[in-house]
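Asks:
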Amino acid sequence: MRKAVLLTLFIMLSLSAFAYEDDSTCVRCHGDEVMMKELGYPQMYLDPAKVDEEVNMGGISCVSCHLGDNTKLDKNEAHEGMPRPFYAAIGKNHKYQAVGREITNYDPIQPKGKNRTKVLLRKPDPEKAKELGIKKIIQLYYHDHDPETMAYNPEIARQTCGNCHEQEVTDYNKSGMGLNKYQRGFTSWTKSPPGPQNCGYWFGDEENYETVKGECTKPEEYKGTMAEARGRGCNKCHASCNDCHYEGFKKTEARHSFTKTPDKLSCYGSGKGTICHAGPMDRRRGAGFFRQEFAFPVNELPRDAHEEAGLNCSDCHTFKDHSYGHIGSEDARQSCQSCHTEIYDAVKAGDHQNVDCTSCHIQEVGAYQFTFWGPGKSEGINNKFAKHKEFYGKRDQPMLVKQPETGLWIPLKPYPMGTMGIGEDVPATDLKLRTINKTTVKGKTEIGEPESFIIERKADQVNDMYIITGTYDGFGDSDKMLAWIQMDKMSHSIGEARDCDSCHASHEQNFTSWYTYFSPTDVKKPFYGSYTIKADKDGITFDNFTNSEVELVEGRKIEHFAPFILNNGVWNVKGIDFELKFDDKKYAEGKAEYLQLSAKLHHLINKEKDAEKKKKLELIKVVMSHNVAYAEKMLKEMK
């Protein structure tokens, strides 16, 4: 009662306290530091002048972005209809489900700590957590997400950002990212293309659930609540307007900093976990833009030269109509020309014009060395399809594969994958691109999506590949396993190039992976292992598997998460040509020319006194590694 009296008194006394919306109860409450302290919420005080300065959008009010009613004095009436940030919680009563910010006593959305993967993650208040049966909170969502599904909410975006940015919101709401289109094209485990893949099928669609249930050896074990929980978890990467444009990860006085051009950290999850592009790039593919604390293993892999130099994602990835295009686009590759003109032109004019820059300039890769979908804990519940991905380790180099549609040689990381308990007999395939045939998908109209939309991904629009090796018996209570080779394109972690002999000393490709596995719901302590890969004209072979002792958690079985220990031969493939194609004689002659020019340039650089000429010679030396003839031409033109 005392707080209610104080609230009314302070509002009446502060009617003319600010020049900002002096008829707004939002400003009168949250802009009064004394009042907020008296009410017990000092952390909810905001300096109106600083808010205006940080928002920097001119003419908008609090309700433009937060909705609610800025004419009401009563707190509940003023806050009615307001979408609010929330956390995803795990515990007795929460299975990756929404809980309000009261669980952290409204701890401000400001960065804490130095680990950029989690500067916005918080621990719950112990008493409140005990009362609500919450073990931990594991994700922060901004208010333009749907608290039921965790998905981006297009309707909230229209009501808020759309008031001023109508066209931008309209464009984004029909884009691949806005509709999470391409993940939604994976409608089952067995449909090929696009094939089974690391992130699983799209769990957030009831029709998909019924289809997958029919694929199971024991359909009665796969409950709708399991699919719903997985769907909520998957939506952590479904980006909203605020996820890209609100800079909660930057420490500011008013906690209202926005940017027109998204910062690279927002592309990497904004400090809310290894989500968005941090997940597929650094945690799954293992050749991410950031690496460092985002990488697996942490802080062991070399940084991307462009990230280290301070470049932003948008320096290479431009968008049109709020869309970045498709993942096989030439746009990013062509952007290399902006900074590396002579090198780009030399490559295009030489023998390596059909070799992607990343094929030479990405070396050691990390992250997943296996992944299996099988019984386990996921989103706080026992799930038939939990993702056992914690086989984190290193591979010495990516494998080079010729993209079947474009003819471009690109770097991939092939590794064994499987889904347990799939009863349908799926035939083996050859090398496949993850194309998506034209598919109509039902939208979630309750959050403002269209009734339906069309998904299609053509062969020249994707570089990820896969090989299904078939379904196999003999995996205990998991029955059969659908096995495939995941072949993700490596795109970042660009740095010093591999040497010529790494490709041209042999026509076959050989690699080694090592890993550490630890998931406390599966094993009592970490176990370790390794394997080798050989790719040649006859196919691809995974061999020389090793692993240390595995101590299982009670109730867990080895086939649930590490079926390769029972049978490691199901990923070997014959009849697909992975040989590196080159003329041995021509390579030997070219290498001799390269070494001669290298010696000549070394001499010229050492004796040159003129700074500009020396700089030009050093550029020619770099160009030489990409095209000897082009470098010789540059040297001749310099004289």
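Numbered according to mature numbering (1 follows the signal peptide of the UniProt record, and there is no 0), the sequence shown spans residues -19 to -1, 1 to 620. Here a beta-carbon is modelled for each residue, glycine too, at the ideal position from N, C-alpha and C. For clarity, every value in this text was computed on a predicted model and none was experimentally measured.
1. Just to confirm, is the Cβ distance from G402 to G451 under 9 Å?
2. If D503 sits next to G357, beta carbons under 8 Å apart, how far is it from one beta carbon to the other, in whole angstroms?
3. For K562 and G81, I'd like the C-alpha separation in whole angstroms.
4. Are the CB atoms of N189 and E430 nearer to each other than 9 Å?
5. What does the alpha-carbon distance come out to for the pair R264 and C7?
6. Hey, V346 and M471 are a contact pair by Cβ (cut 8 Å); roughly how many whole angstroms apart?
7. Using the DSSP secondary-structure output, state which residues sit across from Q490 in a beta bridge.
8. Measure how close the beta-carbons of V328 and N608 come, nearest whole angstrom, since I'm counting them as under 8 Å.
9. Report the start-end ranges of each alpha helix (DSSP H) in the stretch 87 to 123 that is 4 residues or longer and not cut off at the edges.
10. Verify the CB distance criterion: does G72 have a CB-CB separation below 9 Å to chain C?
11. Checking 9 Å against the spacing of the C-beta atoms, do S340 and P385 come in under that value?
12. What ranges does the beta strand (DSSP E) occupy inside the stretch 16 to 46, keeping only unbroken runs of at least 3 residues that lie completely in it?
13. Tell me whether Q334 sits in a helix, a strand or coil according to DSSP, three-state version.
14. Per DSSP, Y349 is paired with what?
15. Helix or strand or just coil, what does DSSP make of K588?
16. Taking all protein chains shown into account, decide if C320 is buried (16 or more other Cβ within 10 angstroms of its Cβ) or exposed.
17. Let me know if N134 comes out buried or exposed under the rule of 16 or more other beta-carbons within 10 Å of its beta-carbon.
18. Hey, how far is the Cα of D244 from the Cα of G571?
19. Scan the stretch 44 to 90 and note each continuous beta strand (DSSP E) run of 3 residues or more that stays entirely inside, going in chain order.
20. Let me know the beta strand (DSSP E) ranges lying completely inside the stretch 431 to 508, each 3 residues or longer, listed in chain order.
21. Measuring CA to CA, which of N528, K505, G510, G556 is closest to G536?
22. Hey, would you say D326 sits closer than 9 Å to Y575, going by beta carbons?
23. Measure the C-alpha to C-alpha separation of G40 and E234 and round it to an integer number of angstroms.
24. Check for me: the alpha helix (DSSP H) holding G212 runs from which residue to which?
25. Starting from the C-beta of L(-13), find all residues in its chain whose C-beta is less than 6 Å away, skip the five residues before and the five after it, and write them out in chain order.
26. Under 7 Å Cβ to Cβ from G157, same chain only, skipping five residues before and after it: list those, please.
27. Please determine, among I428, H258, I324, the residue with the shortest C-alpha to C-alpha distance to F275.
28. Check for me: the beta strand (DSSP E) holding V382 runs from which residue to which?
29. Determine the DSSP secondary structure at M401, reduced to helix, strand or coil.
30. Give the range of the alpha helix (DSSP H) segment to which K245 is assigned.
31. Out of curiosity, what's the CA-to-CA distance linking M605 and D469?
32. When burial is assigned at 16 or more other CB atoms within 10 Å of the CB, is L54 buried or exposed?
33. Can you name, in chain order, every residue of its own chain whose Cβ lies under 6 Å from the Cβ of H124, other than the five neighbours on each side?
34. From C484 to N491, what does the alpha carbon distance come to, in whole angstroms?
35. Starting from V328, trace the alpha helix (DSSP H) in both directions and tell me its first and last residue.
36. Could you tell me which uninterrupted alpha helix (DSSP H) segments, each at least 4 residues in length, are contained entirely in the stretch 131 to 190, listed from first to last along the chain?
Replies: Taking the structure as given:
1. no
2. 6 Å
3. 58 Å
4. no
5. 41 Å
6. 6 Å
7. A516
8. 6 Å
9. 107 to 113
10. The chain inventory of the structure shown lacks chain C, comprising one protein chain alone.
11. no
12. none
13. coil
14. Y373
15. helix
16. exposed
17. buried
18. 43 Å
19. 67 to 72, 76 to 81
20. 433 to 438, 446 to 453, 462 to 470, 490 to 498
21. K505
22. no
23. 20 Å
24. 205 to 215
25. Any reading at L(-13) must be qualified, since the residue scores a pLDDT of 47, below 50, and its modelled position is unreliable; the value itself is stated next. None.
26. Y163, S304
27. H258
28. 380 to 383
29. strand
30. 245 to 248
31. 30 Å
32. exposed
33. P64, R65, P66
34. 10 Å
35. 322 to 329
36. 135 to 140, 147 to 154
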